[in-house]
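Asker: Residue numbering for the sequence shown follows our numbering, beginning at 76 and increasing consecutively.
Note that the Cβ used here is the ideal one computed from N, Cα and C, for glycine as well.
This one's a predicted model, so the numbers in the text were calculated from it and none came from an experiment.
Below is a structure I'd like to ask you about.
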Amino acid sequence: MANNQKNYDFHKESHTEPLEINMGPSHPATHGTVKFYLTLDGETIKDIDVEIGYLHRAFEKECELQHWSGIFPYTDRLDYTAGVLNNVGYALAVEKLIGIETPERCKYIRVIASEMGRLSGHYTNLAACAMELGALTAFLYFVEAREYLWDLIESFCGARLTHNYIRIGGLTSDLPDEFPESTEVVFKKNEKLYDDFAKLLLKNRIFLDRMRDTGGISAELAKEWGFSGPCLRACGVPFDVRKSEPYLVYDKLDFEIPIGSTGDNFDRFLVRMDEIKQSIRIIRQCLKQIPDGPINVDDPMWRQPSKDDINSDMESMIFHFKNVIEGQKVPEGEVYHAIEACNGELGFYLVSNGSGSPVKCRVRPPSFPMTSALPIMVKGSLLADLIPTFDMINLIGGECDR
Numbered sequence: 076m077a078n079n080q081k082n083y084d085f086h087k088e089s090h091t092e093p094l095e096i097n098m099g100p101s102h103p104a105t106h107g108t109v110k111f112y113l114t115l116d117g118e119t120i121k122d123i124d125v126e127i128g129y130l131h132r133a134f135e136k137e138c139e140l141q142h143w144s145g146i147f148p149y150t151d152r153l154d155y156t157a158g159v160l161n162n163v164g165y166a167l168a169v170e171k172l173i174g175i176e177t178p179e180r181c182k183y184i185r186v187i188a189s190e191m192g193r194l195s196g197h198y199t200n201l202a203a204c205a206m207e208l209g210a211l212t213a214f215l216y217f218v219e220a221r222e223y224l225w226d227l228i229e230s231f232c233g234a235r236l237t238h239n240y241i242r243i244g245g246l247t248s249d250l251p252d253e254f255p256e257s258t259e260v261v262f263k264k265n266e267k268l269y270d271d272f273a274k275l276l277l278k279n280r281i282f283l284d285r286m287r288d289t290g291g292i293s294a295e296l297a298k299e300w301g302f303s304g305p306c307l308r309a310c311g312v313p314f315d316v317r318k319s320e321p322y323l324v325y326d327k328l329d330f331e332i333p334i335g336s337t338g339d340n341f342d343r344f345l346v347r348m349d350e351i352k353q354s355i356r357i358i359r360q361c362l363k364q365i366p367d368g369p370i371n372v373d374d375p376m377w378r379q380p381s382k383d384d385i386n387s388d389m390e391s392m393i394f395h396f397k398n399v400i401e402g403q404k405v406p407e408g409e410v411y412h413a414i415e416a417c418n419g420e421l422g423f424y425l426v427s428n429g430s431g432s433p434v435k436c437r438v439r440p441p442s443f444p445m446t447s448a449l450p451i452m453v454k455g456s457l458l459a460d461l462i463p464t465f466d467m468i469n470l471i472g473g474e475c476d477r
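What follows is the structure, given as structure tokens:
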């Protein structure tokens, strides 16, 4: 009897087969935009096929039917947790194609808005990760911090989620007079919430066990797959577009690039936590250094004139009419411009034939390469490890499914 039990092969004798399941797209952990086709051996992931496209909204095709300046509301809906960053990236690409440069004050305000967008994206990502691992209290702390931040964003653009704040050649409006004081009040509140969030999680045994040594990838593989942003820096690669190819006024600011070493989910979490501190540091520097002056280029051909100018200046009236009816006639050519968004390199490739609408508006979404590499990060892991890994690559359906 003992010998028979010793020689018994469970998998062979019980005729078991791998379990194949569909996870998503209607599932809270897949955020309603992705489906995982999983092959499981018990709780172990033997194979996974990632299917995207459930949120496809034809962004690139819609842009071909819209005037250059009318595309900004569409960009808000790419990474909708940080819409203003998408505004900035698109505006810089169009301005590069035109060959214009915005005033210095405008550049500083764009950096402030961009870093607030980064804060919003990181607060959302880290809070959601905590919640999906069962830490609802931590989720509430960072959602509260995000709400305070959105109050600031609303004060300068009038919107909380989809901002539509940036324009070709400038901005819709200047910062409020009391903005520096309001920002410091919010940052002090958010730094307290940051400490509470960190105390709850960073020494929590359950949280550490769920995050450490899960979803890891080597620096070499990450670069081969086209990783960027926090997921690449968590592997120890100090690549950041703000440092490698500075734009706006990032070359005048003092900030650090947080990096990890293991490339696992916990390092990705820590990199984003450190980036929150760096973004606050950048915004404080900008508020000290920002000069007075105009926020728009002084050319009605590119920056849509104000109502006052339209009513008092014939040339402004003419360009306003032509820009609204025909669109700005961006010079013929093609260009690529990238910025550092929440998830990494966000790039816009634009093609113009000299008309009022782009021939092509191609987006390089940072979360797409990480989503493509998800199978190699979770194969052989437990099913439960898929949740923190998917959280920490931070797929945003709007930018990935364009």
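For L224 and chain C, any beta-carbon pair shorter than 7 Å?
Answerer: You won't find chain C in this structure, because it holds only one protein chain.
Asker: Is it buried or exposed, L421, if we count other Cβ atoms within 10 angstroms and call 16 or more buried?
Answerer: buried
Asker: Candidates D373, M191 and F134: which alpha carbon is nearest C361's?
Answerer: M191
Asker: In or out: Q364 buried (at least 16 other Cβ within 10 Å) or exposed?
Answerer: exposed
Asker: For the candidate residues R193, L201, P93 and E126, whose alpha-carbon lies nearest to that of G107?
Answerer: E126
Asker: Nearest-angstrom Cα distance between Y183 and L323?
Answerer: 7 Å
Asker: So what does D122 bridge to, in DSSP terms?
Answerer: T114
Asker: Report the three-state DSSP secondary structure of Y411 (helix, strand or coil).
Answerer: strand
Asker: Please list the terminal residues of the continuous alpha helix (DSSP H) segment that includes K136.
Answerer: F134 to C138
Asker: Report yes if the C-beta distance between P369 and E350 is below 7 Å; otherwise report no.
Answerer: The answer is no: Cβ separation not under 7 Å.
Asker: Under the assumption that Q379 contacts R185 (Cβ atoms under 8 Å), give the Cβ distance between them as a whole number of angstroms.
Answerer: So it is not a contact: roughly 17 Å between Cβ atoms.
Asker: Nearest by alpha-carbon distance to Y202: which of D154, S430 and N469 is it?
Answerer: Strictly speaking, residue 202 in this sequence is Ala, with Tyr absent from that position. In terms of CA proximity to A202, N469 leads the group D154, S430 and N469.
Asker: Assuming F217 and F262 are in contact, meaning their beta carbons sit under 8 Å apart, how far apart are those beta carbons, in whole angstroms?
Answerer: Actually they do not touch by this definition, with Cβ atoms about 14 Å apart.
Asker: Which partner residues of M98 appear in the DSSP bridge assignment?
Answerer: F111
Asker: Run through DSSP, which three-state label would E420 get?
Answerer: It is a strand residue.
Asker: Thinking C-beta only, is P366 closer than 7 Å to E72?
Answerer: The displayed coordinates of the chain run from 76 to 477. Any statement about residue 72 would go beyond what the structure contains.
Asker: For G419, collect the residues of the same chain with a Cβ closer than 6 Å to its Cβ; drop the 5 residues on either side in sequence, then sort them by chain order.
Answerer: Hits under 6 Å: S303, G304 and P441.
Asker: Would DSSP call C475 helix, strand or coil?
Answerer: helix
Asker: Throw me the rounded Cβ distance for the G244 and I175 pair, which I believe falls under 8 Å.
Answerer: 6 Å
Asker: Grab the span of the beta strand (DSSP E) containing K435 for me, first residue to last.
Answerer: Counted as a single uninterrupted DSSP element, the beta strand (DSSP E) harbouring K435 occupies residues K435 to R439.
Asker: Pull up the DSSP beta-bridge partners for L246, would you.
Answerer: I241
Asker: According to DSSP, is P93 part of a helix, a strand, or is it coil?
Answerer: coil
Asker: Which of the three DSSP states is assigned to V163 in this structure?
Answerer: helix
Asker: Could you check the C-alpha separation between E149 and T464 for me, to the nearest Å?
Answerer: Note that residue 149 is Tyr in the sequence shown, not Glu. About 28 Å.
Asker: Would you say F423 and A168 are within 7 Å of each other, going by their C-beta atoms?
Answerer: Contact: yes.
Asker: Short of 6 Å in beta carbon distance, which residues of its chain neighbour C310, apart from the five on each side in sequence? Order them along the chain.
Answerer: A294, A297 and G338
Asker: Are there 16 or more other CB atoms within 10 angstroms of the CB of V453, so buried, or fewer, so exposed?
Answerer: buried
Asker: Taking buried to mean at least 16 other C-beta atoms within 10 Å of its own C-beta, is S319 buried or exposed?
Answerer: exposed
Asker: Who pairs with V426 in a beta bridge, going by DSSP?
Answerer: E409 and K435
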